[in-house]
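Below: the structure, in C-alpha cells.
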Amino acid sequence: MDYFRKVLGAPQDVQTNSGADTVERLCERVSSSTLLDDRRDAVRALKALSKKFRLEVGTQAMDILLNVLEHDRTDAEIIGYALDTFYHIMSNEPTDEDDVSNVSGHDLGGQFTEIFIKHAENVSLLLSFLEEYDFHVRWPTVKLLTVLLTNRQKELQEIILVVPMGVSRLMDLLSDSREIIRNDALLLLNQLTKGHANIQKIVAFENAFERIIDIIRDEGATDGGIVVEDCLLLLQNLLRNNASNQNFFKEGSYIQKLKPFFQIHDEPHSKQIGWSAQKVTNMHLLLQLVRTLVSPNNPQNQTVACQKVMNQCGLLQDLCSILMASGVPADVLTETINTVSEVIRGSQMNQEYFASVLAPSTPPRPAIVVLLMSMVNEKQPFVLRCAVLYCFQSFLYKNEVGQSQIIQTLLPTAADANSITAGQLLCGGLFSADPLSNWFASVALLHAIVENPTQKEQLLRVQLATSLGSPPVSLLQQCCNMLSQGGKLQTRIGLLMILCGWLSDCPIAVSHFLNNTANVPYLISQVSSSEGDEHEAIVQGLCAFLLGICMLYNDDTSEAFSKTALKQIMQNRIGLESFTDKLSQVAQNESYTRAAKKPHLYHKHPSEIVFDYEFTRLFKSLENEVLKAVSGSGSNMNGRKSGPSTEQYKNLLKEQEDQVLLLRQRIEELQSHAISADKSIVELQRQVQQLKDQNALLKAQKGSLSPASSISSDEVDSLKREVESLRLQLHNSHIFSNTVSDENKENDPDGASVLNVTIARLQSELAHKDEEVLSLRSELDRVNEVLKQKTSEQTAASSSVSNAEVELKLQQTEEKLKLITDERNHLQERLTKSNEENLKLANTIRKLEDEKVDAVNEKENLKEEMDTLKKEQDDLLVLLADQDVKIDKYKTKLKELGQEVEDDDDDDDELGEDNEEDLDAD
1 MDYFRKVLGA
11 PQDVQTNSGA
21 DTVERLCERV
31 SSSTLLDDRR
41 DAVRALKALS
51 KKFRLEVGTQ
61 AMDILLNVLE
71 HDRTDAEIIG
81 YALDTFYHIM
91 SNEPTDEDDV
101 SNVSGHDLGG
111 QFTEIFIKHA
121 ENVSLLLSFL
131 EEYDFHVRWP
141 TVKLLTVLLT
151 NRQKELQEII
161 LVVPMGVSRL
171 MDLLSDSREI
181 IRNDALLLLN
191 QLTKGHANIQ
201 KIVAFENAFE
211 RIIDIIRDEG
221 ATDGGIVVED
231 CLLLLQNLLR
241 NNASNQNFFK
251 EGSYIQKLKP
261 FFQIHDEPHS
271 KQIGWSAQKV
281 TNMHLLLQLV
291 RTLVSPNNPQ
301 NQTVACQKVM
311 NQCGLLQDLC
321 SILMASGVPA
331 DVLTETINTV
341 SEVIRGSQMN
351 QEYFASVLAP
361 STPPRPAIVV
371 LLMSMVNEKQ
381 PFVLRCAVLY
391 CFQSFLYKNE
401 VGQSQIIQTL
411 LPTAADANSI
421 TAGQLLCGGL
431 FSADPLSNWF
441 ASVALLHAIV
451 ENPTQKEQLL
461 RVQLATSLGS
471 PPVSLLQQCC
481 NMLSQGGKLQ
491 TRIGLLMILC
501 GWLSDCPIAV
511 SHFLNNTANV
521 PYLISQVSSS
531 EGDEHEAIVQ
541 GLCAFLLGIC
551 MLYNDDTSEA
561 FSKTALKQIM
571 QNRIGLESFT
581 DKLSQVAQNE
591 SYTRAAKKPH
601 LYHKHPSEIV
611 FDYEFTRLFK
621 SLENEVLKAV
631 SGSGSNMNGR
641 KSGPSTEQYK
651 NLLKEQEDQV
661 LLLRQRIEEL
671 QSHAISADKS
681 IVELQRQVQQ
691 LKDQNALLKA
701 QKGSLSPASS
711 ISSDEVDSLK
721 REVESLRLQL
731 HNSHIFSNTV
741 SDENKENDPD
751 GASVLNVTIA
761 RLQSELAHKD
771 EEVLSLRSEL
781 DRVNEVLKQK
791 TSEQTAASSS
801 VSNAEVELKL
811 QQTEEKLKLI
821 TDERNHLQER
831 LTKSNEENLK
841 LANTIRKLED
851 EKVDAVNEKE
861 NLKEEMDTLK
871 KEQDDLLVLL
881 ADQDVKIDKY
891 KTKLKELGQE
901 VEDDDDDDDE
911 LGEDNEEDLD
921 AD
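Numbered per full-length UniProt numbering, the sequence shown spans residues 1 to 922.
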C-alpha cells in the first residue's frame, strides 16, 4: 500500500509516472505470486487504479488478468475483481476520477475492446462465467459484455453468434431472481439484437417474447418504470424489419397478450394527477410496437394477418377507446391516432369498425367527424393535425364504400342542418383563411376520390353558397376561382393537387373545367412565367401537369379547347422544351422526394408540408403520358385508360411480388422434402425391381419344379423383414436403456449394467442370425445360377439332376429357416422381458424425480435462510464501517492533542477502504 502514498499528493507528471510504476509492480505481483491471497490483493489494487490509470492498467495488465480469469476461476472474489478491472478500462463513460493526463484518445475503451475480442476465446470465456450463480461473478460479466457490445457491436455480435449456446446463456439471465442482474441483462440484449436478424431470430425462439411480456406485467405495465421501457425497446428490436419474428409473434398469440396493457381506467383522481413522464414514454413505445407489426413497409400478407388479429382480440377497440378518452396527453393521443391509422389501413373489416365508432359527446358524433374537427382547427397542435389527416387517408385507402360515404355528405340531398358532417368540415377547411387548413382539406378530398371515377363524377354535383343573394357555385368552379386569386403557397399547391387528382381519368370533369374560359389562360400564364423562386417553380410545374391532364383526358366536347387546340396553344405560348422543364422540376424537388417515400406525414414544422404521398404516385404514373400527349407521340392514345391502367398494373405487380415471395419460400421447403423423398423412392424402387427380377427368373426357369423354391424365397424375405423389425425394436430398447442408465447410474448401477449386458448379448445373437439369413440368400442365388445353366443345356438327364439338386437345396433351406424362426421367437420373448425391466426402471426414475423435487424445495428454503443471514451480515458490516470511521476520527483527535498513535495498521486500513468500495459497488 506504500505505492498509493507515493501517488497521492504528488505533482501531475510525477503522479502519472508513479502510477505506471505502481501498476507495473502490481502486475508483477499477480504474475509471480504463488499464494492466491497475494494475487487477490494485487488484482484488487489494480481494480482501484483502473479508473484513474486506464491506459496503464489496460496496456500492462490485460494479458495477466486474462490468465487470472482462466486459472483462478474457482475463486469468485478474484474473478470479480478482474472483471471489474476490465469494465473500468473499457468503459468510455466519464467518472469523477478522470483526468486530462489520463485521456490518451477519444475511444480508449474501444481500442482496448478491439484488442480483447481479437481472440474469440476471450468472449467464450466471459460467456462461460454466466453459468456461475455467484453475484460477484455474474453481474460484472453482464456489465462487461454490455460495454463490449457498446464499443464494438458488429464484431462482438458475430463472435457470440458462433459460440455454442452463447445466446442461450444470455437469455437465461432474464430468469435470474436478482433484479439488478435481470435489468442489466435487458440492456445487454438490447445492444445484442440491434440490426442483426439472425440473433433476433435466435432470441425470439428462446422464448424471449413470453419472458419479456411477463416482466412488463410484473413491473406494472405502462405504469411501470424504466424496466418496462427497456423491455419495450427490446421487443421493438426483435420485431422491426424481421418478418420471421413478426409471424412468430402473431402465431404465438402474443398480440392478444398486449391487449391488457392498453386498458386505461378513467378515474377522477387520475385526471387530477395526470400521466407521469415515464408512463407517457412507455405508452409511446407500446404504440410504436403495434405500428411495427402493421407497418405499410411490411409484407402485405403479414400486415393483413396482424390487422385481423388485432380486430378479433379487441385491441383495435381499446385503441379507439384511448382515442376518444379524456385526459390523455396530446403526444400520446397523436401516436394513438397514427397507430389506429395503420391498424385500419387497407383492412375493410377494420375500416368498417372505425366508421362505427362514436365519440362520447352530446349528441354522439362519429369519431371521424371529431377528428376532422381537430384537423381543420388551426389552434390544434401541428403534429396532431398531421396524424388526423393520416388517419383519414388510411380510412379511405382501398375503401370505396368509405369514399362514397364521405362524398355523400357533400351532396345537397345529404345535408342536415342539425348535425355536422365530414363534408361540411372539409369544405370549411378548404375555404378557410388558414393555408394549412386549405392544404389538409384539399388532400383529404383528394383521397376521397382517388382511383374512383364514380365519386369524381359525383363530386361535380356539389354546389356551394358563396354569399347571400348570389347563385350557388360548383365546388370545381370555386376551387378554380380561389386558385386564380393567388394566396399562400400551401393553399395553391393543395388546390392544384385536388384538381389534378379530380380531372385525371375523368373526361367529364375535364370538360367542366375547360368550359370556364378563364382556367386555361391562367394555367398558360403561370407555366410561361419565368419569374419566381423554388416554391413558385413548384406551382408552375403543377400548373403544367394540370394542363397536360386536360389534354390527356380531353374528349373534345369543348370546341375552344379541344385536344388539338390545346396542343397548338401550348406549343405556341409555352414551347415543348419549356413545358418539359417546368414539369420535371416537380419530381426534382426535395419535398417531392421526401413525400414519395412513405404515406405517413413525418413533418416537424408546417413549412415542410408541400406534397402528398398519394399525389406523388399519381404524378409518377402520368408524367410520361402527359409528355407523350403534349409532344404528339401519344396523341392517339386513349387517355381514359392510360392513367389508371398503369396504376392498376403497379398495384397488381406489388401484390404479385408478395405472393411470389411466399410461393418461393414454400417451393424451397417442398423441394427439400421432395429431394429426400425422391432419394428414398429411388432406393426402394431399385430394391423392389431386383426382387421382382429374381422372382420372375425363378418362375420362368423352374416351371416344372415344385413351387417350394419360390415359397422358400418369400419366406426368407418375410423372415428378413421380421428380423429387421426385431432389430429396430431392440435398438429402441437399447437407446431407452442407455438413457435410463445415464440418469440412474448412481442410484441403480447394478440394474442398468445387467440390462446393458443383456441387450448386448441379444444384439450379438441377432447379428448372428442376420449372417445366417444372408448365407441362405446366397445359397438361393447359387441355386438360381444352377437353374440357369441347366436350363440352357435343355437335356432331360441334366434337367433331372438339376431338379434333384434344387429339391435337396430347398429341403436344407427349409430346415434352416425353421430353426431360425424358432430362434427368432425365442429372441422376441426375451425382448418382451427386457421391455418389462425397462418399465420397472422408468418407475424408479419417477420416484427419483419426486425426491429431486423435494430436494429442490428444501434447497429454496435454505436459500431464503441464507439470504436472511446475508442481510444481517450486511447490517453488521455497515455498523463496523461506522465504527472504523469513528476510530479514525478519534485517532486524528489524539494526534492533534499531541498523543502518539501507532500507524502499524495503515495498510490494513487501506485494504479495508477497498473492501468498503467493493461492498458499495455490490
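Every residue gets a Cβ at the ideal spot worked out from N, C-alpha and C, and that includes glycine.
| Check | Outcome |
| --- | --- |
| What are the residues that DSSP puts in a beta bridge with V473? | L464 |
| Taking a contact to mean a Cβ-Cβ separation below 7 angstroms, would you say V388 touches M375 in this structure? | yes |
| Can you tell me whether V203 is buried or exposed? The criterion is at least 16 other CB atoms within 10 Å of its CB, across all chains shown. | buried |
| If you follow the alpha helix (DSSP H) that W275 is part of, which residue opens it and which one closes it? | It is not in any alpha helix (DSSP H) - W275 carries neither H nor E in the DSSP assignment. |
| Any idea what DSSP makes of A359, helix, strand or coil? | strand |
| In whole angstroms, give me the CA-to-CA distance for A415 and T409. | With a pLDDT of only 48 at A415, under the threshold of 50, the placement of this residue in the model should not be trusted; the figure read from the coordinates follows. Taking the straight line joining both Cα atoms gives about 7 angstroms. |
| Which residues share a DSSP beta bridge with R365? | A359 |
| Please classify K488: does DSSP put it in a helix, a strand, or coil? | coil |
| Rounding to the nearest angstrom, what Cα-Cα distance links Y553 and W439 in this structure? | 25 angstroms |
| Are the region 327 to 334 and the region 375 to 386 in contact at 8 angstroms, needing three or more beta carbon pairs? | yes |
| Looking only at C-alpha atoms, which of S437, P364, V450 sits nearest to I406? | V450 |
| Would you mind sorting V401 into buried or exposed? The rule is 16 or more other CB atoms within 10 Å of its CB. | exposed |
| With burial defined as no fewer than 16 other Cβ atoms inside 10 Å of the residue's Cβ, what is the status of S504: buried or exposed? | buried |
| Using the rule of at least 16 other Cβ atoms within 10 Å of the residue's Cβ for burial, across every protein chain shown, is N572 buried or exposed? | exposed |
| Which residue from C500, K488, L286 puts its Cα closest to that of Y476? | Strictly speaking, residue 476 in this sequence is Leu, with Tyr absent from that position. Selected option, being the one with the closest Cα: C500. |
| How long is the line joining the alpha carbons of L166 and E132, rounded to whole angstroms? | Sequence check: residue 166 is Gly here, not Leu. Using only the alpha carbons, I get a separation of about 14 angstroms. |
| What do you reckon, are the CB atoms on L239 and T281 nearer than 7 angstroms? | no |
| What's the C-alpha gap between A208 and N247? | 14 angstroms |
| Can we count Q393 as close to the ligand MN, meaning its CB is less than 6 angstroms from some heavy atom? | Although the ligand MN was asked about, the structure shown includes no ligands whatsoever. |
| By how many angstroms is the C-alpha of A48 removed from the C-alpha of D21? | 15 angstroms |
| What are the boundary residues of the alpha helix (DSSP H) that includes Q405? | 400 to 408 |
| Terminal residues of the continuous alpha helix (DSSP H) containing A433? | Segment: none, A433 is in no alpha helix (DSSP H) and carries neither H nor E. |
| Give the range of the alpha helix (DSSP H) segment to which C231 is assigned. | 226 to 239 |
| Grouping DSSP H, G and I as helix and E and B as strand, with all else coil, what is G80? | helix |
| Exposed or buried, which one is I199 when buried takes at least 16 other CB atoms within 10 Å? | buried |
| Here's the rule: buried if 16 or more other CB atoms are within 10 angstroms of the residue's CB, otherwise exposed. What is E28? | exposed |
| Given L161, which residues of its chain have a CB within under 7 angstroms of its CB, disregarding the five upstream and five downstream residues? | N198, I199 |
| Could you compute how far the alpha carbon of N311 sits from the alpha carbon of K598? | 24 angstroms |
| Measure the Cβ-Cβ separation of C506 and V527 and say whether it is below 7 angstroms. | no |
| Is C480 near N515, with beta carbons less than 7 angstroms apart? | no |
| Considering just the uninterrupted stretch of the alpha helix (DSSP H) at A387, what are its terminal residues? | 382 to 396 |
| From the DSSP output, in three-state form, read off K598 for me. | coil |
| Buried or exposed: where does Q588 fall if 16 or more other Cβ atoms within 10 Å of its Cβ makes it buried? | exposed |
| When you compare the region 112 to 127 with the region 179 to 190, are there three or more beta-carbon pairs, one atom per stretch, that lie closer than 8 angstroms? | no |
| Nearest by alpha-carbon distance to Q348: which of S253, V304, R365 is it? | V304 |
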